[in-house]
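Below is one structure, written out as structure tokens; comments come after it.
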Amino acid sequence: MGTIVISGTVVLVVLGFQNPVWWLAAVAVLFLYVQYGHGSTSAPSGGGPSGGGSGAVPGSYRAYRDRRDKQAKWERRYRRERPFESRRQAREKGK
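Numbers in the numbering used here are just positions in the sequence shown, counted from 1, shifted up by 2.
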């Protein structure tokens, strides 16, 4: 998502050399991304209360852990369903 926003901003800045209104659009895109897209990590809903003083850091760590576990699950599934391809990728990675 970040690369799309950055590339879109660059395009708007380049267009801004012909019409400075595009620079305002680039600033607006960056503002909206920083305000709503970049830092929109909310605490996960459900799951019950967590122990201790739960703040933003444990919630973000929990989200990180969930993403990591989901990625590991998909990688195990890929290796299980495509053994030849995963062995080939491991050989190329080792070179």
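Backbone N, C-alpha and C define an ideal beta-carbon position, used for all residues, glycine too.
Using CA atoms only, rank isn't needed, just tell me which of the options is closest to residue i.
i: residue 36; options: 91, 7 and 89; result: 7
i: residue 31; options: 19, 14 and 20; result: 14
i: residue 12; options: 21, 28 and 22; result: 28
Please list, in chain order, all residues of the same chain as residue i whose beta carbon is under 7 angstroms from its beta carbon, the five residues on each side excluded.
i: residue 17; result: 24
i: residue 3; result: 39
Between the alpha carbons of residue i and residue j, how many angstroms are there, rounded?
i: residue 89; j: residue 74; result: 17 angstroms
i: residue 96; j: residue 79; result: 21 angstroms
i: residue 94; j: residue 69; result: 26 angstroms
If you follow the alpha helix (DSSP H) that residue i is in, where does it begin and where does it stop?
i: residue 36; result: Run containing residue 36: none; DSSP gives neither H nor E here.
i: residue 91; result: 85-96
i: residue 10; result: 4-17
Identify, in the order they occur along the chain, each residue of the same chain with its Cβ nearer than 8 angstroms to the Cβ of residue i, setting aside the five sequence neighbours on each side.
i: residue 83; result: none
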